[in-house]
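Engineer: Per the working numbering, the very first residue in the sequence shown carries number 1; after that it's consecutive.
Ideal placement from N, C-alpha and C gives every residue a C-beta, glycine not left out.
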Amino acid sequence: MTPARSIELDPKNHIASIVKAIDVLEAFKGDRAELSLAELMTKCGHSRTTMYRILNTLEVAGWVERTRSADYRLTLRVFELASAVLGSFDLRTEASHVMSELAARFDEHVYLLVPDGARAVCLDMIESSQPIRVMVLSVGRSLPLYLGGAPVALLAELEETALPQVLESRPMLTPAGDEITEEELRATLAETRRRGYSISVGDVTPGVAALGACIRDRKGNVVAALSIGGLSADLSDERQDEMAAALVDGALTVSRRLGYAG
């Protein structure tokens, strides 16, 4: 069920049905693009009748659509609205040049992710030109903070505030069904901080590896992470060291463009 909203709304100043409709749209923020009516009822806590009416209204308005399996998914109208916001987002703008340089130099996928509670959301990405597609995350999708290059890099720096939220989601499972224990995760985070960047090999997608490094704002707060990834078979020790150095340097460049003086 969607957590209760922290702000008390005066019934005279809001329309309850719109708030419920927004709850339904926000239910799609996880890592699954399609949800059934029953799943949406569970996530939002609305009755079948209420949920059916909201979904019908959103479908008529063009915000959701039915799939062949009778599930629901968001339409491109949501992406169009998000794109309007992203177009003026300083972080994305400042990171774009560095991302392009990394993608051109290594011809691998490059990602920009931001923390969102116990997850990390993809804000931007550049695809590799290689014929074998290894893309595991598209713009707007998310991963739990315990999986992947950028998410783990973020969690390593945000451990005090974010780790309790992550641990609430236990068991922490990989897509393959393997469980990550708290002890294993804490050890990974400590090693990531010592190293200065994260290394993810096969925990999100078998055969795919990624590195992650954090971006800070002018106050020194971690606000995002850059990640570069590709086939783990291509990641020799020498290439990993070269990519890691370029990634860390790129993350620092973006941080300084945001006003970070470190």
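(1) Just checking, does the stretch 159-167 make contact with the stretch 120-130 on the three C-beta pairs under 8 Å criterion?
(2) In terms of DSSP beta bridges, what is Val208 paired with?
(3) Closer than 8 Å is the cut-off here; do at least three beta carbon pairs connect the stretch 220-233 with the stretch 142-157?
(4) If you draw a straight line from the C-alpha of Pro3 to the C-alpha of Gly220, how long is it?
(5) Per DSSP, Cys44 is paired with what?
(6) Between which two residues does the beta strand (DSSP E) holding Ile65 run?
(7) Residues in its own chain within less than 8 Å of Gly62 by CB, not counting five upstream and five downstream?
(8) Label Ile18 either buried or exposed according to how many other C-beta atoms from any shown protein chain fall within 10 Å of its C-beta, with 16 as the threshold for buried.
(9) Would you kindly report the start and end of the unbroken beta strand (DSSP E) that includes Arg119?
(10) Could you pull the start and end residues of the alpha helix (DSSP H) that Pro164 belongs to?
(11) Among Arg256, Ala244 and Gly212, which one has its Cα closest to the Cα of Tyr111?
(12) Report the option in Glu59, Leu235, Arg256 and Val248 whose CA atom is closest to the CA atom of Asp107.
(13) On the criterion of 16 or more Cβ atoms from any shown chain inside 10 Å, does Pro175 qualify as buried, or is it exposed?
(14) Would you please verify whether the beta carbon of Asp234 is less than 9 Å from any beta carbon of chain D?
(15) Taking DSSP as the reference, what is the three-state secondary structure of Asp116?
(16) Nearest-angstrom Cα distance between Asn56 and Tyr72?
(17) Measure the Cβ-Cβ separation of Ile199 and Ser255 and say whether it is below 9 Å.
(18) Apart from the five residues just before and just after Gly259, which ones in its own chain have a Cβ nearer than 7 Å to its Cβ?
(19) Determine the direct distance from the alpha carbon of Ser47 to that of Val98, and round the result to whole angstroms.
Structural biologist: Well, looking at it:
(1) no
(2) Position 208 of the sequence shown, counted from the start, is the residue given in the question as residue 208. Leu231, per the DSSP bridge assignment.
(3) yes
(4) Looking up residue 3 in the sequence shown gives position 3. Looking up residue 220 in the sequence shown gives position 220. Any answer about Pro3 is weak, because its pLDDT of 45 lies below 50 and its placement is not dependable; what the coordinates show is given next. Cα to Cα, the separation comes out at about 30 Å.
(5) Within the sequence shown, the letter at position 44 stands for residue 44. In DSSP, Cys44 forms no bridge with anything.
(6) Position 65 of the sequence shown holds residue 65. Residue identity check: residue 65 is Glu in the sequence provided, not Ile. Residues Val64 to Arg66.
(7) Counting from 1 along the sequence shown, the entry for residue 62 is found at position 62. Closer than 8 Å at the Cβ level, and outside the excluded window around Gly62, lie Thr75 and Arg77.
(8) Counting from one through the sequence shown, the residue named residue 18 turns up at place 18. So Ile18 counts as exposed.
(9) To locate residue 119, count along the sequence shown from 1; it is residue 119. Note, Arg119: beta strand (DSSP E), Arg119 to Ile126.
(10) On the sequence shown, position 164 is the one that residue 164 refers to. Element bounds for Pro164: Glu159 to Leu167.
(11) Mapped onto the sequence shown, residue 111 falls at position 111. Checked all of Arg256, Ala244 and Gly212; the closest Cα to Tyr111 is Gly212.
(12) Taking the sequence shown and counting its residues from 1, one reaches residue 107 at position 107. The candidate whose alpha carbon is nearest that of Asp107 is Leu235.
(13) Counted from its first residue, the sequence shown places residue 175 at position 175. Exposed, since its Cβ has fewer than 16 Cβ neighbours within 10 Å.
(14) The chain inventory of the structure shown lacks chain D, comprising one protein chain alone.
(15) Counting from 1 along the sequence shown, the entry for residue 116 is found at position 116. In the structure shown, Asp116 sits in a strand (DSSP, three-state: E or B).
(16) Your numbering for residue 56 matches position 56 in the sequence shown. Your numbering for residue 72 matches position 72 in the sequence shown. Whole-angstrom Cα-Cα distance: 10 Å.
(17) Taking the first residue of the sequence shown as 1, we reach residue 199 at position 199. Taking the first residue of the sequence shown as 1, we reach residue 255 at position 255. Result no, Cβ atoms of Ile199 and Ser255 do not sit closer than 9 Å.
(18) Within the sequence shown, the letter at position 259 stands for residue 259. Only Asp217 and Arg218 meet the Cβ criterion.
(19) Numbered from 1 along the sequence shown, position 98 holds the residue referred to as residue 98. Numbered from 1 along the sequence shown, position 47 holds the residue referred to as residue 47. Near 47 Å, if we compare the C-alpha coordinates of Ser47 and Val98.
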